[in-house]
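For the record, in the sequence shown the residue sitting at position 46 is 49 according to the working numbering, with numbers rising by one throughout.
For each residue, glycine too, the CB sits at the ideal point set by N, CA and C.
Note that this is a predicted model, so its numbers are computed, not measured.
Below is one structure, written out as C-alpha coordinates; the observations come after it.
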Amino acid sequence: MSIIQVVIFRGTGGVYNPHHPHHKEAALVRAGHVGVIGIVDDTIIGFHPTPEAAEAAGGEMVLLETLRENQTQPGRLQDDDTYFKRAYELVEATDGRTTVYTYEVEISEETLSQIRSWYNEGKEALYNFPNDDGQFNKGESNCAIFWQRFSIPLPVVSGNIREITQVMDEEGYDKWSND
(Lines of atoms letter the chains of each structure in order from A; the text may use other names.)
(Lines give C-alpha, C1' and ligand atoms only; values in the text may rest on other atoms or scores of the structure.)
Protein backbone atom coordinates (compact mmCIF):
# COMPACT_ATOMS: atom_id res chain seq x y z
CA MET A 4 0.00 0.00 0.00
CA SER A 5 1.09 3.56 -0.74
CA ILE A 6 0.01 6.86 0.71
CA ILE A 7 -0.73 9.73 -1.67
CA GLN A 8 -1.89 13.27 -0.96
CA VAL A 9 -4.90 14.77 -2.69
CA VAL A 10 -4.63 18.56 -3.07
CA ILE A 11 -7.56 20.83 -3.94
CA PHE A 12 -8.01 24.57 -4.28
CA ARG A 13 -10.86 26.83 -5.28
CA GLY A 14 -9.86 29.25 -8.00
CA THR A 15 -9.65 33.01 -7.92
CA GLY A 16 -12.83 33.37 -9.93
CA GLY A 17 -13.10 35.45 -13.05
CA VAL A 18 -12.86 32.46 -15.36
CA TYR A 19 -14.80 34.22 -18.12
CA ASN A 20 -14.66 37.83 -16.91
CA PRO A 21 -11.84 39.80 -18.57
CA HIS A 22 -12.33 42.60 -16.00
CA HIS A 23 -11.76 40.34 -12.98
CA PRO A 24 -8.56 41.26 -11.09
CA HIS A 25 -7.12 37.75 -11.57
CA HIS A 26 -8.24 37.17 -15.16
CA LYS A 27 -4.62 37.11 -16.39
CA GLU A 28 -3.96 33.99 -14.29
CA ALA A 29 -4.04 30.58 -15.98
CA ALA A 30 -7.53 29.12 -16.41
CA LEU A 31 -6.92 26.39 -13.81
CA VAL A 32 -5.84 29.01 -11.26
CA ARG A 33 -9.04 30.96 -11.94
CA ALA A 34 -11.28 27.88 -11.91
CA GLY A 35 -9.71 25.72 -9.18
CA HIS A 36 -8.17 22.30 -9.46
CA VAL A 37 -7.68 18.85 -7.95
CA GLY A 38 -4.41 16.93 -8.12
CA VAL A 39 -2.40 14.25 -6.37
CA ILE A 40 1.08 14.07 -4.92
CA GLY A 41 2.98 10.82 -4.57
CA ILE A 42 2.46 9.21 -7.96
CA VAL A 43 5.39 10.81 -9.78
CA ASP A 44 8.38 12.03 -7.75
CA ASP A 45 8.20 15.72 -6.82
CA THR A 46 5.22 16.36 -9.10
CA ILE A 47 1.58 17.26 -8.55
CA ILE A 48 -0.43 15.66 -11.31
CA GLY A 49 -3.93 16.61 -12.35
CA PHE A 50 -6.42 15.83 -15.08
CA HIS A 51 -7.40 18.56 -17.56
CA PRO A 52 -7.66 19.25 -21.29
CA THR A 53 -4.55 18.56 -23.30
CA PRO A 54 -2.43 21.42 -24.67
CA GLU A 55 -3.31 20.10 -28.12
CA ALA A 56 -7.03 20.55 -27.35
CA ALA A 57 -6.44 24.18 -26.37
CA GLU A 58 -4.40 24.77 -29.52
CA ALA A 59 -7.01 23.10 -31.75
CA ALA A 60 -9.76 25.20 -30.15
CA GLY A 61 -7.87 28.41 -30.84
CA GLY A 62 -6.50 29.10 -27.37
CA GLU A 63 -7.43 28.89 -23.71
CA MET A 64 -10.39 31.30 -23.82
CA VAL A 65 -12.01 29.56 -26.79
CA LEU A 66 -11.46 26.20 -25.08
CA LEU A 67 -13.19 27.50 -21.94
CA GLU A 68 -16.14 28.72 -23.99
CA THR A 69 -16.32 25.31 -25.68
CA LEU A 70 -16.41 23.60 -22.29
CA ARG A 71 -19.03 26.05 -21.02
CA GLU A 72 -21.14 24.89 -23.97
CA ASN A 73 -20.59 21.31 -22.71
CA GLN A 74 -18.47 20.21 -25.65
CA THR A 75 -16.20 17.37 -24.54
CA GLN A 76 -12.43 17.73 -24.90
CA PRO A 77 -9.57 15.23 -24.67
CA GLY A 78 -7.91 15.32 -21.27
CA ARG A 79 -4.96 13.61 -19.63
CA LEU A 80 -2.86 13.63 -16.48
CA GLN A 81 -0.29 16.41 -16.55
CA ASP A 82 2.33 18.09 -14.35
CA ASP A 83 0.38 20.76 -12.49
CA ASP A 84 2.90 22.01 -9.91
CA THR A 85 2.71 25.53 -11.35
CA TYR A 86 -1.04 25.88 -10.72
CA PHE A 87 -0.94 24.69 -7.13
CA LYS A 88 2.08 26.82 -6.30
CA ARG A 89 0.39 29.86 -7.83
CA ALA A 90 -2.83 29.23 -5.88
CA TYR A 91 -0.73 29.00 -2.72
CA GLU A 92 0.97 32.31 -3.55
CA LEU A 93 -2.42 33.98 -4.05
CA VAL A 94 -4.01 32.95 -0.74
CA GLU A 95 -3.56 36.38 0.86
CA ALA A 96 -4.51 38.31 -2.27
CA THR A 97 -7.74 36.27 -2.53
CA ASP A 98 -8.61 36.48 1.19
CA GLY A 99 -8.06 32.74 1.54
CA ARG A 100 -10.19 31.75 -1.44
CA THR A 101 -7.31 29.85 -3.10
CA THR A 102 -6.30 27.97 0.04
CA VAL A 103 -4.90 24.62 -1.02
CA TYR A 104 -6.40 21.82 1.09
CA THR A 105 -4.92 18.37 1.38
CA TYR A 106 -5.64 14.91 2.74
CA GLU A 107 -4.00 11.53 2.51
CA VAL A 108 -5.37 8.43 0.85
CA GLU A 109 -4.01 4.90 0.97
CA ILE A 110 -3.95 3.17 -2.40
CA SER A 111 -2.82 -0.24 -3.55
CA GLU A 112 0.39 -0.77 -5.50
CA GLU A 113 -1.81 -1.84 -8.42
CA THR A 114 -3.68 1.50 -8.35
CA LEU A 115 -0.40 3.38 -8.05
CA SER A 116 0.87 1.51 -11.10
CA GLN A 117 -2.33 2.23 -13.06
CA ILE A 118 -2.13 5.96 -12.37
CA ARG A 119 1.55 6.05 -13.28
CA SER A 120 0.71 4.26 -16.51
CA TRP A 121 -1.94 6.87 -17.34
CA TYR A 122 0.59 9.64 -16.70
CA ASN A 123 3.65 8.09 -18.35
CA GLU A 124 1.79 6.86 -21.43
CA GLY A 125 -0.24 10.05 -21.87
CA LYS A 126 -3.53 8.14 -21.86
CA GLU A 127 -6.54 10.30 -22.61
CA ALA A 128 -10.09 10.43 -21.31
CA LEU A 129 -13.03 12.71 -21.97
CA TYR A 130 -12.90 16.01 -20.07
CA ASN A 131 -15.93 18.23 -19.62
CA PHE A 132 -17.68 20.51 -17.19
CA PRO A 133 -20.77 19.11 -15.50
CA ASN A 134 -24.20 19.61 -17.04
CA ASP A 135 -26.56 22.24 -15.60
CA ASP A 136 -27.84 19.63 -13.12
CA GLY A 137 -24.28 19.08 -11.80
CA GLN A 138 -24.00 15.64 -13.39
CA PHE A 139 -21.59 14.44 -16.05
CA ASN A 140 -22.42 12.59 -19.24
CA LYS A 141 -21.31 8.95 -19.27
CA GLY A 142 -17.55 8.64 -19.63
CA GLU A 143 -16.88 12.34 -18.98
CA SER A 144 -15.23 13.91 -15.95
CA ASN A 145 -13.43 16.99 -14.75
CA CYS A 146 -10.33 17.25 -12.55
CA ALA A 147 -12.26 16.15 -9.44
CA ILE A 148 -14.51 13.35 -10.71
CA PHE A 149 -11.69 11.82 -12.78
CA TRP A 150 -10.07 10.34 -9.66
CA GLN A 151 -13.09 8.14 -8.97
CA ARG A 152 -11.87 5.79 -11.73
CA PHE A 153 -9.05 4.91 -9.30
CA SER A 154 -11.33 4.81 -6.21
CA ILE A 155 -9.72 7.93 -4.77
CA PRO A 156 -12.41 9.49 -2.59
CA LEU A 157 -13.40 13.15 -2.48
CA PRO A 158 -14.76 14.84 0.68
CA VAL A 159 -17.95 15.32 -1.35
CA VAL A 160 -18.67 13.48 -4.59
CA SER A 161 -18.98 16.53 -6.78
CA GLY A 162 -17.37 18.13 -9.79
CA ASN A 163 -17.94 21.50 -8.11
CA ILE A 164 -14.64 22.65 -6.58
CA ARG A 165 -16.34 25.37 -4.52
CA GLU A 166 -18.58 22.76 -2.90
CA ILE A 167 -15.65 20.46 -2.17
CA THR A 168 -13.43 23.16 -0.65
CA GLN A 169 -16.32 24.50 1.43
CA VAL A 170 -16.73 21.09 3.07
CA MET A 171 -12.95 20.82 3.52
CA ASP A 172 -12.86 24.22 5.23
CA GLU A 173 -15.85 23.44 7.47
CA GLU A 174 -14.38 20.06 8.46
CA GLY A 175 -10.91 21.47 9.15
CA TYR A 176 -8.90 19.65 6.50
CA ASP A 177 -5.17 20.30 6.49
CA LYS A 178 -3.80 23.14 4.42
CA TRP A 179 -1.04 22.36 1.96
CA SER A 180 2.28 24.08 2.42
CA ASN A 181 4.53 24.69 -0.56
CA ASP A 182 7.70 23.58 1.23
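Residue i classed as buried or exposed, judged by whether at least 16 other C-beta atoms fall within 10 angstroms
| i | result |
| --- | --- |
| Asn145 | buried |
| Arg13 | buried |
| Asp83 | buried |
| Asn131 | buried |
| Ala96 | exposed |
| Gln138 | exposed |
| Arg171 | Sequence check: residue 171 is Met here, not Arg. Met171 comes out buried. |
| Glu28 | buried |
| Ile11 | buried |
| His25 | buried |
| His36 | buried |
| Ile7 | buried |
Alpha-carbon spacing of residue i relative to residue j, whole angstroms
| i | j | result |
| --- | --- | --- |
| Glu68 | Thr15 | 18 Å |
| Glu72 | Leu66 | 10 Å |
| Ile110 | Ala147 | 17 Å |
| Ser154 | Ser161 | 14 Å |
| Asp44 | Tyr122 | 12 Å |
| Glu92 | Gly17 | 17 Å |
| Glu58 | Asp136 | 29 Å |
| Arg152 | Glu143 | 11 Å |
| Glu107 | Gly62 | 35 Å |
| Tyr104 | Glu174 | 11 Å |
| Ala34 | Glu113 | 31 Å |
| Asp98 | Asp177 | 17 Å |
Beta-bridge pairing of residue i - partner residues as DSSP gives them
| i | result |
| --- | --- |
| Arg13 | Gly35 |
| Ala128 | Gly78 |
| Val103 | Phe12 |
| Gly49 | Gly38, Gln81 |
| Asp177 | Thr105 |
| Ile7 | Val108 |
| Ser144 | Tyr130 |
Cutoff 6 Å; reference residue i; Cβ partners in own chain excluding five residues on either side
| i | result |
| --- | --- |
| Pro77 | Thr53, Ala56, Glu127 |
| Pro133 | Phe139, Gly162 |
| Arg79 | Thr53, Gly125, Glu127 |
Neighbourhood of residue i by C-beta distance below 7 Å, restricted to the same chain and skipping five residues each side
| i | result |
| --- | --- |
| Gln81 | Ile48, Gly49, His51 |
| Ala30 | Val18, Glu63, Leu67 |
| Ile118 | Ile42, Phe153 |
Contact set for residue i: own chain, Cβ-Cβ below 8 Å, skip 5 residues either direction
| i | result |
| --- | --- |
| Val159 | Glu166, Ile167, Val170 |
| Glu120 | The residue you asked about is not Glu; residue 120 is Ser in the sequence shown. Cβ within range, chain order: Lys126. |
| Asn20 | His26 |
| Met4 | Glu109, Ile110, Ser111, Glu112 |
Is it true that the region 25-40 meets the region 78-92, where meeting means three or more beta-carbon pairs spaced less than 8 Å apart? yes
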